[in-house]
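Scroll down for the structure; my scribbles are underneath it.
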Amino acid sequence: MISRRLFCSALAAASVLAATASTAEERYITVSSTTSTEQSGLFGHLLPAFEKTSGIKVRVVALGTGQALDMARRGDADVVFVHDRAAEEKFVAEGFGLKRQEVMYNDFIVAGPKADPAKATGKDILEGLRRIEAAKAPFVSRGDKSGTHAAELRYWKAAGVDLDAKKGAWYRDTGSGMGPALNTAASMNAYILADRGTWLSFKNRGDLGIIVEGDTKLFNQYGVILVNPAKHPHVKQADGQKFIDWVVSDAGQKTIAEYKIGGEQLFFPNAQR
Amino acid sequence: MHEFNQPLITAWQLVAGADARLADIVFLSLRVSLSATLIACVAGMPMGALLAVGRFPGRRVLIVLFNGLMGLPPVVVGLLVYLLLSRAGPLGRFGLLFSPSAMIIAQAILVTPIVAALTRQVIADAWSEYREQLRSLGAGRTRAAATLLWDGRFSLTTAALAGFGRAIAEVGAVMIVGGNIDGVTRVMTTTIALETSKGDLPLALALGFILIALVLAINALAYALRGWAQRKWG
Amino acid sequence: MGAWLAIDHLGLTEGGTNIIDDVSLTLAAQRTVILGPNGAGKSTLLRLIHGLLHPGSGRMHWPGVLTQAMVFQRPVMLRTTALANVIYGLKLKGHTAAESEQRARQALARVGLEQLAQRPARLLSGGEQQRVALARAWALEPQLLILDEPTASLDPASSREVERIITDIAAGARILMTTHNLGQARRLAEEIVFIDRGRVVEQTPVGQFFCLPQTGAAQRFLKEEIP
Chain A
3 MISRRLFCSA LAAASVLAAT ASTAEERYIT VSSTTSTEQS GLFGHLLPAF EKTSGIKVRV
63 VALGTGQALD MARRGDADVV FVHDRAAEEK FVAEGFGLKR QEVMYNDFIV AGPKADPAKA
123 TGKDILEGLR RIEAAKAPFV SRGDKSGTHA AELRYWKAAG VDLDAKKGAW YRDTGSGMGP
183 ALNTAASMNA YILADRGTWL SFKNRGDLGI IVEGDTKLFN QYGVILVNPA KHPHVKQADG
243 QKFIDWVVSD AGQKTIAEYK IGGEQLFFPN AQR
Chain B
6 MHEFNQPLIT AWQLVAGADA RLADIVFLSL RVSLSATLIA CVAGMPMGAL LAVGRFPGRR
66 VLIVLFNGLM GLPPVVVGLL VYLLLSRAGP LGRFGLLFSP SAMIIAQAIL VTPIVAALTR
126 QVIADAWSEY REQLRSLGAG RTRAAATLLW DGRFSLTTAA LAGFGRAIAE VGAVMIVGGN
186 IDGVTRVMTT TIALETSKGD LPLALALGFI LIALVLAINA LAYALRGWAQ RKWG
Chain C
685 MGAWLAIDHL GLTEGGTNII DDVSLTLAAQ RTVILGPNGA GKSTLLRLIH GLLHPGSGRM
745 HWPGVLTQAM VFQRPVMLRT TALANVIYGL KLKGHTAAES EQRARQALAR VGLEQLAQRP
805 ARLLSGGEQQ RVALARAWAL EPQLLILDEP TASLDPASSR EVERIITDIA AGARILMTTH
865 NLGQARRLAE EIVFIDRGRV VEQTPVGQFF CLPQTGAAQR FLKEEIP
């Protein structure tokens with residue numbers, strides 16, 4: 003009977019422990035952002051600097067741009083930090099966001115097999131895509147409503163390729179994040195549109211190399227938006243605004259510019275104040 | 006073989022180097038999954054025992070339901086809990102989303118049917134053996150269920166371990182409700198998923214090895230404890 | 685001595701078989717042993733009387749309510765100490781913890797197991813476990829103790845010990861039991877109820893049953909059991 007009492011009290015103690023562990027409140031905001039900023043390592047570089055000056059922790063949930071905006075629509079984020087201008091403007095127009103501010107840009111690249119069977123190598127993204135389609139060379143699409151996916155669809159359209167008509171076995175819609183899509187492309191030796199940051203920090207490239215880069219059309223603008231407290235009263239407006247103000251400030255912009263992988267700068271600050 | 010050697014070396018270096026970030030992640034994984042398992046045991050074991058000894062309308066339906074829910078997809082549970090805890094959801098005002106508590110809730114929901122269904126099997130076996138004796142002594146069904154739970158405590162470690170194994174191994178639910186936030190809700194499985202995304206397959210695999218070793222160690226410990234207890238109590 | 689139980693046209697059917705077939709019986713003896721071949725319905729009859737089974741037909745009339753306890757062929761021991769096993773039964777009957785413990789210790793002493801009170805019950809020998817079961821039943825101070833083949837799985841030495849305990853209990857309680865051991869039946873019983881295929885064939889005082897069985901079925905049974 004003694005052991006039974008012991009057992010029960012141990013159970014009770016464990017429950018209390020489980021319930022109370024780490025309830026110590028810290029000051030933080032939640033930022034919904036994209037896999038490209040998180041997985042490229044930018045946030046790992048940028049956020050500690052902000053946390054040090056402000057004392058505010060930043061909790062990043064990294065999703066595709068579409069998901070990140072949906073998450074903010076539900077009120078589950080204080081700030082969105084994404085890269086799909088049209089979707090961001092829609093978000094603000096719907097009243098979910100207060101104001102869109104541009105922060106920085108990076109660029110997309112097309113990666114593909116180094117042997118380049120579609121002969122797509124060059125600077126022109128539209129021509130490159132046309133050749134890939136013409137050769138019916140395997141192409142991996144994110145297919146996840148992310149900013150990168152939206153950009154890819156814009157490029158196909160601008161290139162005059164009607165995907166709905168031309169889609170075939172060569173076009174693989176993977177419905178996955180940038181990293182998983184790159185893993186898929188590497189294993190299939192396929193072409194893929196990727197952001198440079200993720201590409202540079204991506205380690206499992208296999209036989210893939212950069213095929214198209216440098217086209218100004220490939221520039222990829224990032225914006226930051228405070229979620230509208232009128233829609234979601236619990237939004238940490240003051241701290242969220244502090245984060246936004248810092249990111250577009252000289253200090254923030256300088257920190258962004260300083261982030262490099264292998265000596266290469268990934269993000270180019272271009273905030274307008 | 007190189008594909009597997011490098012991760013093994015990396016795993017060893019991470020463990021031997023007592024990497025603080027890794028330790029935090031491992032600790033959070035254990036905390037979340039052990040808490041979820043504990044909740045699942047407190048809720049699921051009595052349910053399983055009552056399903057085993059009880060006679061009430063809907064019992065068979067519940068048994069089939071729990072057996073079926075053992076295969077609950079983590080992503081679906083994650084999504085349901087996300088919608089519940091989201092600010093726009095019914096429990097949004099508690100602000101639990103993207104916290105370890107949310108992960109514990111999701112895993113507890115995932116694991117409770119497993120614990121309940123396995124408990125029911127263990128208790129049903131014991132019930133057929135004890136039934137007449139307990140009824141003769143005047144134990145009602147609720148009391149009998151409690152007695153059988155206590156008496157089957159060593160066998161029931163299997164149910165708890167099955168639940169824990171499921172909890173610590175799943176990624177779908179914790180990814181959605183935890184958000185894989187660095188230093189806050191990042192656990193072993195979400196870290197593995199993230200490193201896989203980043204194409205760092207050796208690191209992902211190394212973390213996988215550590216997770217497997219951890220689960221094995223806990224199972225071995227429970228097995229040893231159970232063996233000791235059974236030798237002691239028969 | 686008056687009857688303590690009158691059974692009236694009792695029947696139980698399972699899967700089309702009459703396990704208990706129109707049994708009418710008046711029990712008045714202090715120590716009654718039910719005999720009969722395998723599958724005669726002995727255990728079922730005990731369970732009906734104890735209330736573990738419900739009859740399909742007929743009824744039982746108890747002139748005075750008797751508190752009961754039952755000991756089974758295979759003792760069911762909980763995974764705890766011998767003492768706690770005895771206490772468990774007492775607590776279920778609503779005794780306080782202190783009183784339960786005191787009565788449990790006394791009961792264990794009476795079955796000669798006070799030394800083993802703190803031992804895990806499941807690790808005791810079969811005979812010792814059955815004695816714990818007897819102590820658990822005895823501690824409840826039943827007015828009627830029902831025993832279903834209490835020595836069937838025990839060695840001769842343990843059987844004798846169990847038999848001695850039953851004799852002791854019988855000093856303060858009515859005994860109703862089944863056994864396959866005819867020597868045991870002869871030693872313990874006052875009255876024998878012989879049943880076959882769910883029917884009461886013969887109910888006679890023990891001396892008469894073994895010397896002058898009234899029915900052919902009983903005669904054949906005794907011939908087969910005592911070669």
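Residue numbers (this note's numbering), protein chains in the order written: chain A, 3 to 275; chain B, 6 to 239; chain C, 685 to 911.
Every residue gets a Cβ at the ideal spot worked out from N, C-alpha and C, and that includes glycine.
- [ ] Answer yes or no: does any C-beta atom of chain B fall closer than 8 angstroms to that of K121 (chain A)?
- [x] no
Task: Opening and closing residue of the beta strand (DSSP E) in which F221 (chain A) lies - done: 221-229
- [ ] Please state if the CB of G740 (chain C) and the CB of G695 (chain C) are separated by a distance shorter than 8 angstroms.
- [x] yes
Open item on the list: Output needed in chain order: residues of the stretch 228-244 of chain A with a Cβ under 8 angstroms from some Cβ in chain B.
Closed with: H234, H236
TODO: In the DSSP assignment, find the unbroken beta strand (DSSP E) run with P897 (chain C) in it and report its ends.
DONE: Here P897 (chain C) belongs to no beta strand (DSSP E), and DSSP marks it neither H nor E.
- [ ] Return no unless some Cβ of chain A is closer than 8 angstroms to the Cβ of S34 (chain B).
- [x] no
Task: Interface partners of Q41 (chain A) on chain B, CB under 8 angstroms - done: L199, S202, K203
- [ ] Please list the segments of the alpha helix (DSSP H) lying wholly inside the stretch 776-820 of chain C, counting only runs of 4 or more residues, in order along the chain.
- [x] 781-794
Task: 3-residue-minimum beta strand (DSSP E) runs that sit fully inside the stretch 42-130 of chain A, ordered along the chain - done: 59-65, 81-84, 99-115
- [ ] Could you pull out every residue in the same chain whose Cβ sits closer than 7 angstroms to the Cβ of S24 (chain A), ignoring the five residues on either side in sequence?
- [x] Residue placement at S24 (chain A) cannot be trusted, given a pLDDT of 47 that sits under 50; what the coordinates show is reported in the next sentence. Once the five neighbours on either side are set aside, S24 (chain A) has no close Cβ partner at all.
- [ ] Could you tell me which residues DSSP puts in a beta bridge with L709 (chain C)?
- [x] C:I691
Task: Cβ shell of A724 (chain C) (< 8 angstroms), same chain only, five flanking positions each side left out - done: I879, D880, R881, G882
- [ ] Within its chain, find whatever has a CB closer than 7 angstroms to the CB of A836 (chain C); leave out the 5 residues flanking it on each side and keep chain order.
- [x] Q757, H864
Open item on the list: Considering only their Cβ atoms, is the gap separating I197 (chain B) from K212 (chain B) smaller than 8 angstroms?
Closed with: It should be noted that the sequence gives Leu, not Lys, for residue 212 (chain B). Cβ atoms of L212 (chain B) and I197 (chain B): closer than 8 angstroms.
Open item on the list: As a quick exercise: from A:A89, A:S143, A:P182, A:L65, pick the residue whose alpha carbon is nearest that of Y193 (chain A).
Closed with: A:S143
Open item on the list: Under 8 angstroms, with one C-beta from each stretch per pair, do the stretch 219-237 of chain A and the stretch 100-110 of chain A reach the 3-pair mark?
Closed with: yes
- [ ] Go to S91 (chain B), then tell me how far its alpha helix (DSSP H) extends in each direction, as first and last residue.
- [x] Where S91 (chain B) is concerned, there is no enclosing alpha helix (DSSP H), given that its DSSP letter is neither H nor E.
- [ ] Indicate, with yes or no, if the ligand FMN has a heavy atom lying under 7 angstroms from the CB of A855 (chain C).
- [x] Ligands in the displayed structure: none, and consequently the ligand FMN is not present.
Task: C-beta contact flag for R29 (chain A) and D241 (chain A) at 8 angstroms - done: yes
Open item on the list: Does L56 (chain B) come out as helix, strand or coil in the three-state DSSP assignment?
Closed with: helix
Task: Residues of the stretch 125-142 of chain B whose Cβ lies closer than 7 angstroms to any Cβ of chain E, in chain order - done: Of the chains in the structure shown, none is chain E; the protein chains are A, B and C.
Task: Alpha-carbon spacing of A187 (chain A) relative to L202 (chain A), whole angstroms - done: 15 angstroms
Task: Span separating the alpha-carbon of R75 (chain A) from that of K775 (chain C) - done: 59 angstroms
Task: Rounded straight-line distance, which links the Cα of E847 (chain C) to that of Q868 (chain C) - done: 8 angstroms
Task: From C:I849, C:Q827, C:A841, residue whose alpha carbon lies closest to that of A817 (chain C) - done: C:I849
Task: Minimum Cβ-Cβ distance from S38 (chain A) to chain B less than 8 angstroms - done: Taking 8 angstroms as the threshold, the shortest C-beta distance from S38 (chain A) to chain B does not fall below it.
TODO: Whole angstroms is fine: what's the gap from V69 (chain B)'s alpha carbon to I703 (chain C)'s?
DONE: 33 angstroms
Open item on the list: Less than 8 angstroms between C-beta atoms, sequence neighbours within five positions excluded: which residues of the same chain meet that for T123 (chain A)?
Closed with: Cβ neighbours of T123 (chain A) beyond the five flanking positions: G130, I213, V214.
Task: Pairwise C-alpha distance: A196 (chain A) and I44 (chain B) - done: 43 angstroms
TODO: For F103 (chain B), collect the residues of the same chain with a Cβ closer than 8 angstroms to its Cβ; drop the 5 residues on either side in sequence, then sort them by chain order.
DONE: V182, G183, G184, I186, V189, T190
- [ ] Determine, using beta carbons only, whether D187 (chain B) comes closer than 8 angstroms to chain A.
- [x] Judged by the 8 angstroms Cβ criterion, D187 (chain B) is in contact with chain A.
Open item on the list: Against chain B, with Cβ distances strictly below 8 angstroms, would N206 (chain A) count as a contact?
Closed with: yes
Open item on the list: Counting beta carbon pairs with one atom in the stretch 149-159 of chain B and one in the stretch 86-99 of chain B, are three or more of them shorter than 8 angstroms?
Closed with: No, they do not touch.
TODO: Could you list which residues in chain C have their beta carbon closer than 8 angstroms to that of T152 (chain B), in chain order?
DONE: Chain-ordered, the chain C residues with CB closer than 8 angstroms to the CB of T152 (chain B) read L762, Y772.
Task: For R174 (chain A), the three-state DSSP class (helix, strand or coil) - done: R174 (chain A) sits in a strand when the DSSP states are folded into three classes.
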